Amino acid sequence: MADTCRITRECALKALWPASVADDSPTFITRTFGALTKAVDEALELERDLSHSLSWDPASTGVQEAAEARWLDCLKLSGDILTAQVVSAEDLPMQRMSMLLHFLIESTGAEEARRFQQLFHENQELFTVEDGDCQALLQTGARQMNALIELSVAAEAQNFLPN
């Protein structure tokens with residue numbers, strides 16, 4: 450009987466531990482915030498493609514629609530984060546950054562975008578966490594905040610150029 454191989458699933462072993470000990474997986478907010486930062490990066494890339502001097506090229510048709518769809522995805526993801534239950538200390542700063550990105554995506558001009566940036570800098574302690582991985586995500590969000598403001602400023606400047 451000692452020679453018999455015992456087969457035990459890993460998940461069965463994990464289930465023996467209390468949830469607080471065994472569960473160190475990222476929260477819903479952390480996972481969704483990671484997806485949000487990827488979606489914002491993709492949307493920014495599409496916007497850069499649209500601002501390129503050859504954006505009139507027929508081969509680039511559909512880029513505007515893809516960019517708009519990606520921005521809508523970003524708004525949906527940020528909305529999911531804002532309505533999610535906070536379960537860890539890292540969740541609240543990510544909810545705040547998500548809200549900031551949401552407002553920047555919906556901002557109507559460079560002045561409004563700069564005001565959100567100013568609020569971020571005045572309250573930067575509200576956007577920090579101890580966890581290194583979560584802090585890296587928040588830093589990505591801050592980088593994206595700056596990119597969104599640059600995009601807003603560039604769009605406003607382009608609207609003021611004579612045709």
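Residues in the sequence shown are numbered from 450 upward in steps of one, following our numbering. Built from N, CA and C at the ideal position, the CB exists for glycine as well. Source: prediction; values computed, not measured.
Ranking 596, 480, 565 by CA distance to the CA of residue 536 puts 480 first.
Between residue 491 and residue 600, the gap from beta carbon to beta carbon reaches 8 Å or more. In the displayed model, residue 556 falls within coil according to three-state DSSP, outside both helix and strand. The three-state secondary structure of residue 532, taken from DSSP, is helix. DSSP places residue 493 in the uninterrupted alpha helix (DSSP H) bounded by 477–500. In the three-state reduction of the DSSP assignment, residue 572 falls in the coil class.
Here residue 519 is buried, its C-beta having at least 16 other C-beta atoms within 10 Å. In the three-state reduction of the DSSP assignment, residue 578 falls in the coil class, being assigned neither a helical nor a strand state. Secondary structure at residue 599: helix, using DSSP grouped into helix, strand and coil.
At a Cβ-Cβ threshold of 8 Å, residue 578 and residue 568 do not count as neighbours.
Cβ neighbours of residue 484 within its own chain (closer than 8 Å, five residues either side excluded): 526.
Distance from the CA of residue 585 to the CA of residue 478, rounded to the nearest whole angstrom, comes to 14 Å. Residue environment for residue 500: exposed (fewer than 16 other C-beta atoms within 10 angstroms of its C-beta).
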